[in-house]
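Enquirer: To convert a position in the sequence shown, counted from 1, into the working numbering, add 386.
Just so it is clear, CB atoms sit at the ideal spot from N, CA and C, and this is done for glycine as well.
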Amino acid sequence: MKLFHVKLLLISSLILCWQSVLSQDSIFVSLDAAIELAFQKNTSIIISNDELNTSKFALKEAKANAFPKLYLSSSYNRNIDRQVIFLSEGFGESNTATKLGSDNEFRSSLNLSLPIYSAYNFANRKLAETQFNFQNEAARGVRHTILNATKKAYYNYLIVQEVVKVQESRLKNANEFLADIEKRLKRGTVTEFDVSSAKVQVAIAKSNLLEAQSNLIPSGNDLKLLLGLNPESIIILTEPIALRNDEIIVETETAQLFQKNSQLKQLELAVGINENRIQMAKSAYYPTLDAIGNYNYQAQANNFKFSEYDWAQTSLVGLQLQFPIFNGTVTKNKVQQVALGKKISEEEKKYATKEIQLKLIELISQLKFSRLKVEVQLENMDLTDEAQKLAKKRYEFGVGTILEVNDAELAYTQSRLNWLQALLNYKSAYYDYQLLIGKD
387 MKLFHVKLLL ISSLILCWQS VLSQDSIFVS LDAAIELAFQ KNTSIIISND ELNTSKFALK
447 EAKANAFPKL YLSSSYNRNI DRQVIFLSEG FGESNTATKL GSDNEFRSSL NLSLPIYSAY
507 NFANRKLAET QFNFQNEAAR GVRHTILNAT KKAYYNYLIV QEVVKVQESR LKNANEFLAD
567 IEKRLKRGTV TEFDVSSAKV QVAIAKSNLL EAQSNLIPSG NDLKLLLGLN PESIIILTEP
627 IALRNDEIIV ETETAQLFQK NSQLKQLELA VGINENRIQM AKSAYYPTLD AIGNYNYQAQ
687 ANNFKFSEYD WAQTSLVGLQ LQFPIFNGTV TKNKVQQVAL GKKISEEEKK YATKEIQLKL
747 IELISQLKFS RLKVEVQLEN MDLTDEAQKL AKKRYEFGVG TILEVNDAEL AYTQSRLNWL
807 QALLNYKSAY YDYQLLIGKD
């Protein structure tokens with residue numbers, strides 16, 4: 387009785403430990419949960435968000451150039467050889483050098499400048515705004531790309547797991563059939579050839595299972611990397627293997643579908659960036675006007691008796707105008723360089739627009755074909771399932787052969803694998819379609 391209680395306690399402890407390990411390392415993930423995890427933890431999205439914040443601070447920096455600037459500076463000079471002035475004979479002296487100032491010189495100054503007109507500041511602000519919009523669209527494009535990759539990786543891993551289950555079922559059936567054949571051989575109702583054929587099917591099933599299992603780790607790692615999970619995590623996928631309702635609707639009006647395409651929007655903003663750079667380069671042709679102010683507080687003495695110093699104060703306000711006259715055609719050449727950059731970005735946009743239009747037409751056609759293929763493979767799978775059951779019954783009644791059973795099982799397994807592959811191909815094409823039309 388005591389031994390029974392000890393065993394019961396040990397079994398209970400093992401169950402609790404297993405549940406604890408499973409709860410710590412296993413993550414049950416639906417497709418929506420996987421997408422949310424990717425948006426939170428994916429490295430590419432984190433980097434794109436940081437780059438967006440960088441451009442946000444760059445925009446604030448550009449706006450700050452229009453604010454007044456105030457500087458405080460202080461200095462101390464020890465005049466080893468003091469400055470001199472030459473007085474003419476009109477001052478009662480011959481043309482001799484007269485020393486000025488004292489040994490010690492202290493000076494503090496407060497300088498204020500306020501831009502009143504600056505074409506450069508205005509162009510720089512417009513450029514920063516366009517760059518911020520570009521980076522915002524680039525971050526949106528990264529999210530779309532990760533969304534596309536996450537959906538593909540999720541269903542790829544799910545279908546790889548299902549392929550393993552199919553091959554495991556195939557191996558199980560082959561082993562059961564082999565055991566049944568060996569029993570029949572002992573009763574003398576089958577031949578050695580039937581046993582050999584059954585063993586061959588077991589060997590083939592084992593090989594196919596090993597090949598399917600070899601794809602589990604790579605496909606699982608791809609999904610973990612996209613979701614930002616630890617390598618030790620165990621992902622348990624909860625989505626059914628089927629087409630979702632939202633994956634069946636496909637718009638066919640190609641003229642409007644790519645208006646939200648992130649790549650095209652980025653190229654359009656790139657053209658705007660180059661236009662702003664042209665204006666910023668041309669700003670060197672225009673004058674600048676600043677309001678300035680200055681306040682000085684200074685004293686000079688031959689000693690360090692600060693309390694006896696005579697501190698003098700001076701101040702001024704005014705306007706400062708700078709007008710460029712000639713800089714060696716630097717501005718002209720810079721404008722031409724940026725203008726060529728704009729032309730290049732415009733050509734890239736035209737090419738990308740045509741490419742995306744053609745790709746969209748291709749994807750819509752591919753989706754129609756893939757959808758039909760999924761339906762055909764599903765029908766084929768149902769037919770081969772019925773054929774497999776009939777072949778086994780015929781063999782049990784002695785009117786069928788082992789070859790018929792093997793062919794029927796192989797046909798069913800292959801039809802199910804074909805259906806899974808057709809389903810994966812459709813989903814992959816549909817997610818590429820969503821990426822192309824810029825669906826959030």
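Round the Cβ separation of SER441 and PHE518 to the nearest angstrom and send it over; I've been treating them as touching at under 8 Å.
Expert: The count along the sequence shown starts at 1 and reaches residue 441 at position 55. The count along the sequence shown starts at 1 and reaches residue 518 at position 132. SER441 to PHE518, Cβ: 5 Å. Contact.
Enquirer: Just checking my contact of ASP489 with ASN688 at CB under 8 Å: how many whole Å lie between their CB atoms?
Expert: Counting from one through the sequence shown, the residue named residue 489 turns up at place 103. Counting from one through the sequence shown, the residue named residue 688 turns up at place 302. Contact flag correct, Cβ pair sits at about 5 Å.
Enquirer: Take GLU548 and list the residues in its own chain whose beta-carbon comes closer than 8 Å to its own, dropping the five residues that flank it on each side.
Expert: Numbered from 1 along the sequence shown, position 162 holds the residue referred to as residue 548. These residues qualify, in order along the chain: ILE627 and LEU806.
Enquirer: Tell me where the alpha helix (DSSP H) around PRO617 begins and ends.
Expert: Along the sequence shown, one-based indexing puts residue 617 at 231. That residue, PRO617, is in no alpha helix (DSSP H); it is neither H nor E in DSSP.
Enquirer: So, helix, strand or coil for GLN599, using DSSP?
Expert: What you label residue 599 is simply residue 213 of the sequence shown in a count that begins at 1. GLN599 falls in the helix class under three-state DSSP.
Enquirer: Around the C-beta of PHE453, are 16 or more other C-beta atoms found within 10 angstroms, so that it is buried, or is it exposed?
Expert: The residue given as residue 453 occupies position 67 in the sequence shown. By the neighbour-count rule (16 or more Cβ atoms within 10 Å), PHE453 is not buried but exposed.
Enquirer: In chain order, what residues of the same chain lie with their CB nearer than 7 Å to the CB of ARG757, ignoring the 5 residues before and after it?
Expert: Taking the first residue of the sequence shown as position 1, residue 757 is located at position 371. Here the set comprises TYR812.
Enquirer: Quick one: grab the DSSP three-state call for LYS455.
Expert: Mapped onto the sequence shown, residue 455 falls at position 69. Strand at LYS455.
Enquirer: How is PRO604 classed by DSSP in three states: helix, strand or coil?
Expert: Your numbering for residue 604 matches position 218 in the sequence shown. In the structure shown, PRO604 sits in a helix (DSSP, three-state: H, G or I).
Enquirer: Can at least three beta-carbon pairs, one atom from the region 609-624 and one from the region 807-826, be found at a separation below 8 Å?
Expert: Cβ pair count under 8 Å is below three, so no.
Enquirer: Please list, in chain order, all residues of the same chain as LEU675 whose beta carbon is under 6 Å from its beta carbon, the five residues on each side excluded.
Expert: Locating residue 675 in the sequence shown gives position 289, counting from the first residue. So the list reads ILE502, TYR503 and LEU707, once near-sequence residues are dropped.
Enquirer: For the putative contact between LYS537 and LEU417, defined by C-beta atoms under 8 Å, what is the C-beta separation to the nearest angstrom?
Expert: If you number the sequence shown from 1, residue 537 lands on position 151. If you number the sequence shown from 1, residue 417 lands on position 31. That pair is a contact at about 7 Å.
Enquirer: Tell me which same chain residues have a C-beta within less than 7 Å of the C-beta of GLU661, skipping the five on either side of it?
Expert: In the sequence shown, the residue the question calls residue 661 occupies position 275. Cβ within range, chain order: LYS728.
Enquirer: Leaving aside the five residues before and after SER461 along the sequence, list all residues of the same chain whose C-beta is less than 7 Å from its C-beta, in chain order.
Expert: Reading the sequence shown from its first residue, position 75 is the one you call residue 461. Within the same chain, SER461 has close Cβ partners ARG493.
Enquirer: Contact between the region 684-699 and the region 648-668: three or more CB pairs below 8 Å?
Expert: No, they do not touch.
Enquirer: Going by CA-CA distance only, name the one from ILE823, PHE443, SER430 and LYS455 that's closest to LYS646.
Expert: Here residue 646 corresponds to residue number 260 of the sequence shown, with the count starting at 1. Of the listed residues, the one whose Cα sits closest to LYS646 is ILE823.
Enquirer: Compute the distance between the beta-carbons of ILE650 and THR739, then report whether it is under 8 Å.
Expert: Position 264 of the sequence shown holds residue 650. Position 353 of the sequence shown holds residue 739. It should be noted that the sequence gives Leu, not Ile, for residue 650. Yes.
Enquirer: Would DSSP call PHE443 helix, strand or coil?
Expert: Looking up residue 443 in the sequence shown gives position 57. Here PHE443 sits in helix by DSSP.
Enquirer: If you run the structure through DSSP and keep just helix, strand and coil, what is THR624?
Expert: For this step, residue 624 is matched to residue 238 along the sequence shown. Coil at THR624, not helix or strand.
Enquirer: Label LEU408 either buried or exposed according to how many other C-beta atoms from any shown protein chain fall within 10 Å of its C-beta, with 16 as the threshold for buried.
Expert: On the sequence shown, position 22 is the one that residue 408 refers to. In this prediction, LEU408 has a pLDDT of 44, which is less than 50 and means its spatial position is unreliable; what the coordinates show is noted afterwards. LEU408 is exposed by the Cβ-count criterion.
Enquirer: Is the beta carbon of GLU790 sitting closer than 8 Å to the one on TYR781?
Expert: In the sequence shown, the residue the question calls residue 790 occupies position 404. In the sequence shown, the residue the question calls residue 781 occupies position 395. Cβ atoms of GLU790 and TYR781: closer than 8 Å.
Enquirer: Among the residues of its own chain, which have a CB less than 6 Å from the CB of ALA424, if the five just before and after it don't count?
Expert: As a first step, residue 424 must be located in the sequence shown, where it is residue number 38. Once the five neighbours on either side are set aside, the close Cβ partners of ALA424 are ILE532, THR536, LEU612 and LEU613.
Enquirer: Using 10 angstroms around the beta-carbon of GLN521, count the other beta-carbons present and answer buried if the total reaches 16, otherwise exposed.
Expert: As a working note, residue 521 is residue 135 in the sequence shown. Buried.
Enquirer: Determine, using beta carbons only, whether ALA448 and ALA514 come nearer to each other than 8 Å.
Expert: Stepping through the sequence shown from its first residue, residue 448 is reached at position 62. Stepping through the sequence shown from its first residue, residue 514 is reached at position 128. Yes, these two residues count as a Cβ contact at 8 Å.
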